[in-house]
Amino acid sequence: MTYLWQKAEWPAFNWSSSALLEVLVNARFEQGRLLSLPNNFVHSFEISDIKKHLYSDLLAAGPVSVERIHGWQASLFPTGFSGVKKIKIAELRNKELLRSSLPQKHLQEEFARYLHWWQEPPVELDPVLRSAIAFFWFYLLSPYEDGNFDLACALSEKALQEEEKLNLRPYDISVQLEENREQVIQKIEKCSTGSGDITEWLLYYLELYLTAVRAAYIIADQNQTIDHFWKTYSAYDLNQRQRKVLNYMLELQVAMTNREYVDLCKTSRESAKRDLAELVKVGILKSGEKKGRSVSYSL
């Protein structure tokens, strides 16, 4: 089996632009829709404690260098161990990994080639595709004994951040990559042989990208809706129970019954009935068609 790095034209990746066009246009549209929202509504996703140092530096300004990526890898393994296994930290590996990974003897040269491409990518290359290729290429190199997948995720995020010029990550492409880790690796393995056509990988990456951006937009749009709601009704004298229930309904986009109100607020049925009636009276809630105990209320 011949791997891409064994070919004379390495690393000349190629793809079908026509096959990518529709999904790439959708990706850029969804990205623009999310980034057009005010910054205070943009969602900054949670990351694990072990990766906080990596992402803190990732979001900082400055060029990506060998030393910087070494530092990222070291931050993933602060004890020098991966599980119970001691590994090389902040150094290129001196052993072979997967068959599809570049042989150790070529690492230094190819890592330098990767960084040169990173710093001077083709002018016509779309930034989202750049992030997909950054992941794919780095994972093929797998320059470290461990942490290569996480570092590929970080470089993918960094490529996007350099285009968006934000001091936070408003969507979680890394989380999507990690949640689909097995399939991501399968796609890379499949595209690591053959003619160098990575269309299938790029399409899969764009699907994950769309999922990440759309999920973040839903959160940001919901936050904006909630903010607008409370500005609209800021003059109303609502008690803590009513505010709690309204926030619950806004966040989950659900209706509310008298019984659910009682359970959520740990209050009496009469208090719940009175609170709901007041919210209907001022026009914040409306009651459904059913009457009696079956009545439900919606925003």
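Residues 35 to 333 in the working numbering are what the sequence shown spells out, letter by letter.
Just so it is clear, CB atoms sit at the ideal spot from N, CA and C, and this is done for glycine as well.
Query, Result
"Give me the DSSP bridge partner(s) of Lys320.", "Ser332"
"Output needed for Tyr331: all residues of its chain with C-beta closer than 8 Å, excluding positions within five of it in sequence on either side, in chain order.", "Ala289, Met290, Thr291, Leu310, Leu313, Val314, Leu319, Lys320, Ser321 and Gly322"
"Could you tell me whether the region 149–159 touches the region 52–59, where touching means 3 or more Cβ pairs closer than 8 Å?", "no"
"Measure how close the beta-carbons of Leu93 and Leu202 come, nearest whole angstrom, since I'm counting them as under 8 Å.", "7 Å"
"Per DSSP, Thr227 forms a beta bridge with which residues?", "Tyr37"
"Leu69: which of Leu132, Ala166 and Leu200 sits nearest, CA to CA?", "Leu200"
"Using a Cβ-Cβ cut-off of 7 Å (strictly less than) and excluding sequence neighbours within five positions of Ala108, which residues of its own chain qualify?", "Ile123 and Ala124"
"Report the CB separation of Ile88 from Ala188 in whole angstroms; it is logged as a contact under 8 Å.", "One detail in the question is off: residue 88 reads as Leu in this sequence, not Ile. Yes, they are in contact, since the Cβ atoms of Leu88 and Ala188 sit about 6 Å apart, within 8 Å."
"Could you give the DSSP three-state label for Phe115: helix, strand or coil?", "strand"
"Exposed or buried, which one is Gln252 when buried takes at least 16 other CB atoms within 10 Å?", "According to the sequence provided, residue 252 is Ile. The question's Gln does not apply to it. Answer is exposed; the Cβ neighbour count stays below 16."
"Residues in its own chain within less than 8 Å of Lys129 by CB, not counting five upstream and five downstream?", "Gln138 and Glu179"
"For Gln142 versus Leu126, is the C-beta distance shorter than 8 Å?", "yes"
"Which value, in whole angstroms, describes the spacing of the CA atoms of Phe145 and Phe169?", "13 Å"
"Leaving out five residues before and five after Val296 in sequence, what residues of the same chain have Cβ atoms less than 6 Å from its Cβ?", "Arg303 and Ala306"
"Go ahead and pull the three-state DSSP assignment for Thr291.", "strand"
"May I have the straight-line CA-CA distance separating Tyr238 from Asp206, to the nearest angstrom?", "16 Å"
"Which same chain residues end up closer than 8 Å to Gly376 when comparing Cβ atoms and leaving out the 5 residues on each side of it in sequence?", "Since the displayed the chain opens at 35 and closes at 333, residue 376 lies outside it and no answer follows."
"For Asp309, decide whether its Cβ has a neighbour in chain C, counting only Cβ atoms nearer than 8 Å.", "Within the model displayed, chain C is absent; a lone protein chain is all it includes."
"Please report the distance separating the alpha-carbon of Ala42 from that of Ala53.", "26 Å"
"Quick check on the DSSP output: the alpha helix (DSSP H) that includes Asn257 runs from which residue to which?", "Thr233 to Thr266"
"Looking only at its own chain, which residues have a Cβ that is under 7 Å from the Cβ of Asp231, when we skip the five neighbours before and after it?", "Asn48 and Trp49"
"Cutting at 7 Å between CB atoms, please list the residues of its own chain near Gln220, excluding the five before and the five after it.", "none"
"Can you pull the DSSP bridge partners for Asn48?", "Asp231"
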